[in-house]
Amino acid sequence: MALNANEPKGNLDEKWTKYRSTMNLVAPNNKRRIEVIVVGTGLAGAAAAATLAELGYKVKCFTFHDSPRRAHSIAAQGGINAAKNYQNDGDSVYRLFYDTIKGGDYRSRESNVHRLAEVSRNIIDQAVAQGVPFAREYGGLLANRSFGGVQVSRTFYARGQTGQQLLLGAYQSLSRQISLGNVEMFNRHEMLDLVKIDGKARGIIARNLLTGKLERFGAHSVVLASGGYGNVFYLSTNAMGSNVTAAWRAVKRGAYMANPCYTQIHPTCIPVSGEYQSKLTLMSESLRNDGRVWVPKMKEDVMAIREGKKTGNDIPEGDRDYYLERRYPAFGNLVPRDVASRAAKIACDEGHGVNKTGLAVFLDFSSAIIRYGTSAAHSQNIHNPSAAKIKELGTEVIAAKYGNLFEMYEKITGENPYILPMKIYPAVHYTMGGLWVDYNLETNVPGLFAAGEANFSDHGANRLGASALMQGLADGYFVLPYTIGQFLSNEIRTPKISTDAPEFAEAEKNTKDKLEKILSIKGNHTVESFHRRLGKIMWEYCGMSRNAEGLKKARQMVRDLRAEFWSDVFVPGTAEEFNPELEKAGRVADFLEMGETMILDALDRNESCGGHFREEYKSPEGEAKRNDEDYAYVSAWEWDDTEPILHKEELKFENVELKTRSYK
Amino acid sequence: MSWFLKFLTSSIGQKLIMSLTGLFLITFLVVHLAGNLQLLANDQGESFNTYAYFMTNNPFIKTTSYGLYFFILLHTIQGIALAIKNRGAKGSKYAVSSNAKTSSSGTKMALLGTLILAFLCIHMGDFWFKMKFTDTLAMVSYDGVDMQVKDLYSRVSLAFSNPILVVVYVIGQIVLAMHLWHGFQSAFQTLGLNHRKYTPAIHFLGKAYAILIPLGFVIIPLAHFFSK
Amino acid sequence: MKLTLKVWRQNGANEPGRFETHQVEADEHMSFLEMMDVLNEGLLAEKKTPIAFEHDCREGICGSCNMVINGRPHGPNSGTTTCQLHMRYFKDGETITIEPWRAKSFPIIKDLVVDRTSFDRIIQAGGYISVNTGQAQDGNSIAIEKDLAGQAFDAATCIGCGACVAACPNGSAMLFTAAKIAHLGLLPQGEVEHKTRVQSMVNQMDEEGFGACSNTAACEADCPKEISITNIAMMNRAYMGSVLGSQK
Numbered sequence: 121m122a123l124n125a126n127e128p129k130g131n132l133d134e135k136w137t138k139y140r141s142t143m144n145l146v147a148p149n150n151k152r153r154i155e156v157i158v159v160g161t162g163l164a165g166a167a168a169a170a171t172l173a174e175l176g177y178k179v180k181c182f183t184f185h186d187s188p189r190r191a192h193s194i195a196a197q198g199g200i201n202a203a204k205n206y207q208n209d210g211d212s213v214y215r216l217f218y219d220t221i222k223g224g225d226y227r228s229r230e231s232n233v234h235r236l237a238e239v240s241r242n243i244i245d246q247a248v249a250q251g252v253p254f255a256r257e258y259g260g261l262l263a264n265r266s267f268g269g270v271q272v273s274r275t276f277y278a279r280g281q282t283g284q285q286l287l288l289g290a291y292q293s294l295s296r297q298i299s300l301g302n303v304e305m306f307n308r309h310e311m312l313d314l315v316k317i318d319g320k321a322r323g324i325i326a327r328n329l330l331t332g333k334l335e336r337f338g339a340h341s342v343v344l345a346s347g348g349y350g351n352v353f354y355l356s357t358n359a360m361g362s363n364v365t366a367a368w369r370a371v372k373r374g375a376y377m378a379n380p381c382y383t384q385i386h387p388t389c390i391p392v393s394g395e396y397q398s399k400l401t402l403m404s405e406s407l408r409n410d411g412r413v414w415v416p417k418m419k420e421d422v423m424a425i426r427e428g429k430k431t432g433n434d435i436p437e438g439d440r441d442y443y444l445e446r447r448y449p450a451f452g453n454l455v456p457r458d459v460a461s462r463a464a465k466i467a468c469d470e471g472h473g474v475n476k477t478g479l480a481v482f483l484d485f486s487s488a489i490i491r492y493g494t495s496a497a498h499s500q501n502i503h504n505p506s507a508a509k510i511k512e513l514g515t516e517v518i519a520a521k522y523g524n525l526f527e528m529y530e531k532i533t534g535e536n537p538y539i540l541p542m543k544i545y546p547a548v549h550y551t552m553g554g555l556w557v558d559y560n561l562e563t564n565v566p567g568l569f570a571a572g573e574a575n576f577s578d579h580g581a582n583r584l585g586a587s588a589l590m591q592g593l594a595d596g597y598f599v600l601p602y603t604i605g606q607f608l609s610n611e612i613r614t615p616k617i618s619t620d621a622p623e624f625a626e627a628e629k630n631t632k633d634k635l636e637k638i639l640s641i642k643g644n645h646t647v648e649s650f651h652r653r654l655g656k657i658m659w660e661y662c663g664m665s666r667n668a669e670g671l672k673k674a675r676q677m678v679r680d681l682r683a684e685f686w687s688d689v690f691v692p693g694t695a696e697e698f699n700p701e702l703e704k705a706g707r708v709a710d711f712l713e714m715g716e717t718m719i720l721d722a723l724d725r726n727e728s729c730g731g732h733f734r735e736e737y738k739s740p741e742g743e744a745k746r747n748d749e750d751y752a753y754v755s756a757w758e759w760d761d762t763e764p765i766l767h768k769e770e771l772k773f774e775n776v777e778l779k780t781r782s783y784k
Numbered sequence: 474m475s476w477f478l479k480f481l482t483s484s485i486g487q488k489l490i491m492s493l494t495g496l497f498l499i500t501f502l503v504v505h506l507a508g509n510l511q512l513l514a515n516d517q518g519e520s521f522n523t524y525a526y527f528m529t530n531n532p533f534i535k536t537t538s539y540g541l542y543f544f545i546l547l548h549t550i551q552g553i554a555l556a557i558k559n560r561g562a563k564g565s566k567y568a569v570s571s572n573a574k575t576s577s578s579g580t581k582m583a584l585l586g587t588l589i590l591a592f593l594c595i596h597m598g599d600f601w602f603k604m605k606f607t608d609t610l611a612m613v614s615y616d617g618v619d620m621q622v623k624d625l626y627s628r629v630s631l632a633f634s635n636p637i638l639v640v641v642y643v644i645g646q647i648v649l650a651m652h653l654w655h656g657f658q659s660a661f662q663t664l665g666l667n668h669r670k671y672t673p674a675i676h677f678l679g680k681a682y683a684i685l686i687p688l689g690f691v692i693i694p695l696a697h698f699f700s701k
Numbered sequence: 328m329k330l331t332l333k334v335w336r337q338n339g340a341n342e343p344g345r346f347e348t349h350q351v352e353a354d355e356h357m358s359f360l361e362m363m364d365v366l367n368e369g370l371l372a373e374k375k376t377p378i379a380f381e382h383d384c385r386e387g388i389c390g391s392c393n394m395v396i397n398g399r400p401h402g403p404n405s406g407t408t409t410c411q412l413h414m415r416y417f418k419d420g421e422t423i424t425i426e427p428w429r430a431k432s433f434p435i436i437k438d439l440v441v442d443r444t445s446f447d448r449i450i451q452a453g454g455y456i457s458v459n460t461g462q463a464q465d466g467n468s469i470a471i472e473k474d475l476a477g478q479a480f481d482a483a484t485c486i487g488c489g490a491c492v493a494a495c496p497n498g499s500a501m502l503f504t505a506a507k508i509a510h511l512g513l514l515p516q517g518e519v520e521h522k523t524r525v526q527s528m529v530n531q532m533d534e535e536g537f538g539a540c541s542n543t544a545a546c547e548a549d550c551p552k553e554i555s556i557t558n559i560a561m562m563n564r565a566y567m568g569s570v571l572g573s574q575k
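Residue numbers (our numbering), protein chains in the order written: chain A, 121 to 784; chain B, 474 to 701; chain C, 328 to 575.
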């Protein structure tokens, strides 16, 4: 089936405004009768639920958390982009659009990205009005900072907790609509199935996590804003509960999963310290502005460091390999995320990793400390400062810039990064892929919409820093509440969806059987152990770099693991109670299928682009080699137990010229 | 009037009552101590006894003293009510008690208050009750004063020759000090008077007050006991 | 390192609870929750029910995790959530007592998991600025003093974990409520509704059955985001001013 993106006609910069002014509307009296289900309360979900309710729709909103405020959007640190041009540095909607398309390695849809850039400005206004305490200049106006991969300063931030503040803004708007009775909120409810009636999404089956009871919810339309699938890798910077279940159950009801192979690996995370590790912690990208990345040249030094006989400081300058500076003299330590991550992997694969597990590289601030110290001494009129004085002054400067990050690092690792070089390693951070959606954010299942990280949307093969918050809120506040009207305007004659319909009974039975099946296995291995094994396979074969042979092998391994899961998993308790192990089991079961889809997609895409690096497709210098001739398409996978089916949406680039990214 | 009752029975309103009555009692302590320090005068009780006569007979003081009794009662009843409400809100206690950096007197205000109430009963039974409602006190007259006044001074002096009572008074003042240690600055915090610049001064004043006032009171029984 | 854990087990709000003692072999690099994972994996290997505890982001921001460790919410280190507490702060051979948040308004769901929806209802009572999507003026049209924005941020940094209630001997939610009132009330955008917001949020807080503040500052000492009780003073002032001074 050819996929139709339903893009409006016309010039790129007019598409959205024209479309918005001409699309079908639902009259207020009808809105009151029309029900919408929103699954997820992160930036996209909470914003969509609140805005839909403000417009007059009857909204039912679901989260598996104990409160809508806990969604993982809360953990975003850096900031949110917007083409405000407050800094007068030449920013514009077009520039943000262009940066995003280029950063995504030319694998995103032009019209969607341009719309994102347009509404980015409204997001900041909206957030300020909600009371989000963005950073301010002394004059009281909004402050900006620059972020990776762009040449303008367009990132708005609230210290290192921008995601938290934006989410609380959305959560508060949602809370207001709850108190007004426009949103019915269901905490601790997990969506376990999508209900389709006559081909349209008409409701969900959710499990009340406190009682274990399966409950039916009907609506005229269903919005999924349930986040990404990064936890397929087990270890990631995602929250422990982040999962693909809501989206995946929709896929099993016919929705397509788009570009699943695009995963973003963030280069600066605190490395894994042991087998027991449950999650990874990100250290802000901004550290690469002053830190130099290196590994020891000689294996003896590596071994001595691993055994604790030497520290990074004991390695003389000449025996260090500053591999990013060596390989990418033009950008050095500031190459984009995907490039930096792959380079770290290569260094460690060659045996230069500097911790016990062999999977860490140094991020060293000592030269920055000396540089800042010298200049501070100069500006304070200290002549012939001693080495100790320079170090002291330099440390002060670094502490002022990154103090909280250094503190967090010390809290977690127990090492003082002012004295010893930091150890970092790449980790899974974000997934660009997701449910396939058209321009209206509607999936191929009529009436089923997807917003935020849950859709494949705007980031192509690689997301730029500070763009995830922008996209989640754009979808939730300014896009979906309008575009959903295109579908709902045809539903004004549809009566309230009755949950007594046979489709609901079937879906409930389907869910119940699945839960019973998991509980009846009573095998010998924990859910966690399967998840961990899946993560290892995915990281090894479908992580930072991939090849056809490995992917084929991995597909078989994942299938075998899935079979083993369904015959040997152990889940205690019953389905009729609060049972966190059972919740986890359902999610891991879905990860096992999602993982296979990711592998298939990576196997299909015979090129290297963005977060997807195929070892067979690289330049002689080892850089990613795109193939625009054959692969400028969105891959959308229809699930099938034996052989998933690939559908394609051709990407047309009418406004930008496709170029090769180079950082040499 | 219902909004006003609702206000006074809200959690903040109840704390406001504690704060305002507490501040009134704090002021009273100064007046009380100033009067009582006359017990240290070496004049066979003349100044103290005439002062006591004045305090029990001046109509203005009498009116004020009814206010005082009322505030003591209000502070007590409201305090007990809050302690019960708060205990209920906490539900069960932790198996391990924390040693966080919180003031230990702050968490024991209800207990300290109850002890002070007990002390107050002893104290008032000893002097105030005997002065006002019995004829057990001898009458004395002084030069230049043409009337007789009750010799409360001798009664006090006699009482403080009893070592047990002196110990009770010393303990009572320690308890009062602990209650004030937290209560003084707490009253300001409840009123919403917390300021980066001024609060340290309030804290200092509160601690000084909590030490000096009970110290002043405790000198009296000790002086009487040891001067014998 | 070998540890003895005394962990609270309870099946529901109305069931009796008890301590269960377990031995666990931990690594000093583990986070506290990873140590709990190890314990649970061990329990599962013996086909026993693992200890239920709440957790999600494991980087100190979602506010899910909630353990009272040796009598202190989030454990011995100040400014740290349970998930960011690491085992190197404990001694080999130590006995650690782990309890749930205890407060009447946080009924126990299972083991260490409690119901904190009362917090959501406090926010729903007025912890927002009434602005619909699309109504906003340009972000730079209101200038806000840098320090004031910083002060609002300090209050807004609350993660809603409930450690303040857990630490308070009175089970009071005043720090949580005050933090939101201060965050919104300090900003010009939120000032418009400040008076009504204060009243409705305080009323809801009382209705939920939280205790009254007795200014022990235990909340401040155990708040993982180190939110100050000056916010409570501000709330008191605003509440009195609002009830006594406004027409409503």
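For every residue, glycine included, the Cβ atom is placed at its ideal position computed from N, Cα and C.
- For the pair residue 600 of chain A and residue 569 of chain A, the CB atoms are nearer than the 8 Å cut-off.
- Close CB contacts of residue 661 of chain B within its chain, under the 6 Å cut and outside five residues either way in sequence, are with 675 (chain order).
- DSSP places residue 322 of chain A inside the beta strand (DSSP E), whose first and last residues are 320-328.
- Cβ neighbours of residue 524 of chain B within its own chain (closer than 6 Å, five residues either side excluded): 508, 511.
- Within the region 535-589 of chain A, the complete beta strand (DSSP E) segments at least 3 residues long are 542-551, 568-570, listed from N- to C-terminus.
- The criterion of a C-beta distance shorter than 8 Å is not satisfied by residue 193 of chain A and residue 462 of chain A.
- For residue 750 of chain A, the enclosing alpha helix (DSSP H) covers residues 748-751.
- Cα atoms of residue 440 of chain A and residue 682 of chain A: separation of roughly 44 Å, rounded to the nearest angstrom.
- Around residue 549 of chain C, no beta-carbon contact reaches into chain A at under 9 Å, the shortest distance being about 17 Å.
- If you check each beta-carbon in the region 507-533 of chain A against every beta-carbon of chain C, the ones closer than 7 Å belong to 531, 532.
- The region 287-300 of chain A makes no contact with the region 143-156 of chain A: fewer than 3 CB pairs, one atom from each, lie closer than 8 Å.
- Cβ contact annotation for residue 284 of chain A (same chain, cutoff 7 Å, sequence separation greater than five): 194, in chain order.
- Taking a C-beta cut-off of 8 Å against chain B, the contacting residues of the region 504-536 of chain C are 529, 530, 532, 533, 536, listed in chain order.
- Of all C-beta pairs linking the region 174-185 of chain A to the region 574-589 of chain A, fewer than three are shorter than 8 Å, placing the two stretches out of contact.
- Close to chain B, meaning a Cβ-Cβ distance shorter than 9 Å, are the following residues of the region 417-438 of chain C: 424, 426, 429, 430, 431, 432, 433, 434.
- In the structure shown, residue 281 of chain A adopts coil according to DSSP, grouped into three states.
- Within chain B, no residue has its CB atom less than 8 Å from the CB of residue 440 of chain C, the nearest being about 16 Å off.
- The continuous alpha helix (DSSP H) containing residue 548 of chain B extends over residues 532-563.
- The C-beta of residue 246 of chain A comes closer than 8 Å to at least one C-beta of chain C.
- Secondary-structure assignment with DSSP links residue 311 of chain A through a beta bridge to A/326.
- Boundaries of the beta strand (DSSP E) harbouring residue 338 of chain A: 334-338, taken from the DSSP string.
- With respect to chain C, the C-beta atom of residue 670 of chain B has no partner C-beta closer than 8 Å.
- By the criterion of at least three beta-carbon pairs nearer than 8 Å, the region 674-681 of chain A is not in contact with the region 469-479 of chain A.
- Taking a C-beta distance under 8 Å as the contact criterion, residue 628 of chain A and residue 325 of chain A qualify as a contact pair.
- One thing to note: residue 387 of chain A has its Cβ within 8 Å of the Cβ of residue 546 of chain A.
- By the Cβ rule, the region 369-384 of chain C counts as touching the region 685-697 of chain A, because three or more pairs are nearer than 8 Å.
- Residue A/384 holds the alpha-carbon nearest to the alpha-carbon of residue 223 of chain A among A/152, A/638, A/384.
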